[in-house]
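**Student:**
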DNA sequence: GTCTATACGCGGATAGAC
DNA sequence: GTCTATCCGCGTATAGAC
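Protein chains in written order, with this note's numbering: chain A, 1 to 212; chain B, 213 to 424.
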């Protein structure tokens, strides 16, 4: 093969192709050899741009989080901003469901996460929430959004009715898969609106009328 | 080696030792060869009891979920039962934090999950919730508990202050790790009590006074 | 600084003997 | 039901060509 004058690889191109492989065929399909082949290159060449395979996966995760819209913070009242942000955050995860299990592997230095935390925390703080409340509300929201993106609730139930013989209350559970989006989206909206409404009520107690 | 009359292996013993390896050293430390060595056996012998390594991991996950206490359902009013169950569910996950990323891989046929879903859904249905609400409340709770068990919020923030130079609102974020339990437990309790309180209010609207 | 060629050790898994 | 022998793909280290 003729060696081109311009580099064949760049971090951006590697992340792009890696994301498409994971999206199409899952995390296990992403090997360094496979990725290199699709990039027209040999596997060790990747190590000129990333130290390890995990760093490539971290970069994929970072790109996904970086795509989350944060523009509502500071432009809308904090409860509306929280709602819009959470919906966008979940949508960004659901666009790359195969990556989510990797994101669950634990904390990593992903700059986009810090930008996001800064925006959420900052909006709550600027609205008048005490720091400890702002932190906990941000964490609570992340727990909920991450959990809802993590795996479909409906898909956890096989559509074979015979599975449910010994579970008296699950006689209709085999139909959950058919109504996947109603179930999953409905549960997300129920939880989201319940949380934000609760925070609005708490705001009244903690910030607006803190005296007895 | 002398061939023993009694089988050396059983599913239970395999799962037990595999769990201890994962708990002590993480998911990556669990290889079939390592597991076999600790069981006093050669790696391929494991395949007489499990079809793949993933089946072993599924069995670990199932054992963890099976340990979640469900006895409060039917014994306590549904809001109290939900609170107690959610705390126990999270505690069961936090007792085996290294397994959680595997559980995030998606739904699998894990019988203990069905038993759990049956208990939660049944308690809500018996309390008077319409099926669609009972389903969504169960899913919402699972999202939240799974998300909060998935990864510490506090540990996502490095304790090196210099990281936060460009994030105006995160000037004190390097101290989050010190207060890990306050942050993580506090956020869990905030979200949990907010959700259940919201469901109690909704119950009033949907079930107690559905007219007008 | 970027890519190729080669190689090491370990992983999951299978086939067949006992 | 467990063993031995073996296969193949994996992440990645290293050396050297350009």
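Glycine included, C-beta positions come from ideal geometry on N, C-alpha and C. Every value quoted in this text rests on a predicted model; they were computed, and no experiment measured them.
Tell me the DSSP secondary structure of residue 55/A in three-state form.
**Tutor:** Translated into positions along the first chain, residue 55/A becomes position 55. In this structure, residue 55/A counts as helix in the three-state DSSP scheme.
**Student:** Taking Cβ-Cβ distances shorter than 8 Å, what residues in chain B pair up with residue 168/A?
**Tutor:** If you number the first chain from 1, residue 168/A lands on position 168. 330, 334, listed in chain order.
**Student:** Between the segment 170-178 of chain A and the segment 46-65 of chain A, can you find at least three pairs of beta-carbon atoms closer than 8 Å?
**Tutor:** no
**Student:** Do you know whose CA, among 381/B, 369/B, 343/B, lies nearest residue 170/A's CA?
**Tutor:** If you number the first chain from 1, residue 170/A lands on position 170. Ranking 381/B, 369/B, 343/B by Cα distance to residue 170/A puts 343/B first.
**Student:** Just to make sure I have the definition right: I need the residues of chain A whose C-beta is within less than 8 Å of the C-beta of residue 313/B. Which are they?
**Tutor:** Residue numbering aside, residue 313/B sits at position 101 when the second chain is read from its first letter. Ordered by position in chain A, the residues that pass the 8 Å Cβ test against residue 313/B are 101, 104, 105, 106.
**Student:** Could you confirm whether any beta carbon from chain A is found closer than 8 Å to the beta carbon of residue 360/B?
**Tutor:** Your numbering for residue 360/B matches position 148 in the second chain. Closer than 8 Å to some Cβ of chain A, the Cβ of residue 360/B qualifies, so yes.
**Student:** For the alpha helix (DSSP H) containing residue 105/A, name the first residue and the last one.
**Tutor:** For the purposes of this step, residue 105/A is taken as the residue at position 105 of the first chain. Run containing residue 105/A: none; DSSP gives neither H nor E here.
**Student:** Taking 6 Å as the limit between beta carbons, can you name the residues of its chain near residue 1/A, skipping five residues before and five after?
**Tutor:** The residue labelled residue 1/A in the question sits at position 1 within the first chain. Caution applies to residue 1/A, whose pLDDT of 44 falls short of 50 and renders its modelled position unreliable; the value that the coordinates give is listed next. If we look at residue 1/A and ignore the five residues flanking it on each side, it has no Cβ neighbours.
**Student:** Residue 50/A CB to nearest chain B CB: under 8 Å?
**Tutor:** To locate residue 50/A, count along the first chain from 1; it is residue 50. Output row for residue 50/A: interface = no.
**Student:** Give, in chain order, every residue of the segment 283-305 of chain B whose Cβ lies closer than 9 Å to some Cβ of chain A.
**Tutor:** Cβ contacts with chain A come from no residue of the segment 283-305 of chain B.
**Student:** My output table needs one value for residue 204/A: the three-state DSSP class, helix, strand or coil.
**Tutor:** Position 204 of the first chain holds residue 204/A. The answer is helix: DSSP assigns residue 204/A an H, G or I state.
**Student:** Excluding five sequence neighbours on each side, which residues of the same chain lie with their C-beta closer than 7 Å to the C-beta of residue 23/A?
**Tutor:** In the first chain, residue 23/A corresponds to position 23, counting from 1. Taken in chain order, the residues that qualify are 96, 98.
**Student:** Find out if the Cβ-Cβ distance for the pair residue 348/B, residue 123/A is shorter than 8 Å.
**Tutor:** One-based indexing of the second chain puts residue 348/B at position 136. One-based indexing of the first chain puts residue 123/A at position 123. No, the pair does not count as a contact, with Cβ atoms beyond the cut-off.
**Student:** Please report whether the beta-carbon of residue 348/B lies at a distance below 8 Å from any beta-carbon of chain A.
**Tutor:** Taking the first residue of the second chain as position 1, residue 348/B is located at position 136. True, the Cβ-Cβ gap to chain A drops below 8 Å.
**Student:** What does the alpha-carbon distance come out to for the pair residue 373/B and residue 76/A?
**Tutor:** Against the second chain, residue 373/B aligns to sequence position 161. Against the first chain, residue 76/A aligns to sequence position 76. C-alpha separation (whole angstroms): 30 Å.
**Student:** Taking the alpha carbon of residue 73/A as the point to measure from, which residue in 189/A, 20/A, 117/A, 195/A has its own alpha carbon closest?
**Tutor:** Mapped onto the first chain, residue 73/A falls at position 73. Residue 73/A has its Cα closest to that of 117/A, out of 189/A, 20/A, 117/A, 195/A.
**Student:** Please return the same chain residues whose Cβ sits closer than 7 Å to the Cβ of residue 257/B, not counting the five positions on each side in sequence.
**Tutor:** As a first step, residue 257/B must be located in the second chain, where it is residue number 45. For residue 257/B, where only same-chain residues beyond five positions count, the Cβ hits under 7 Å are 221, 248.
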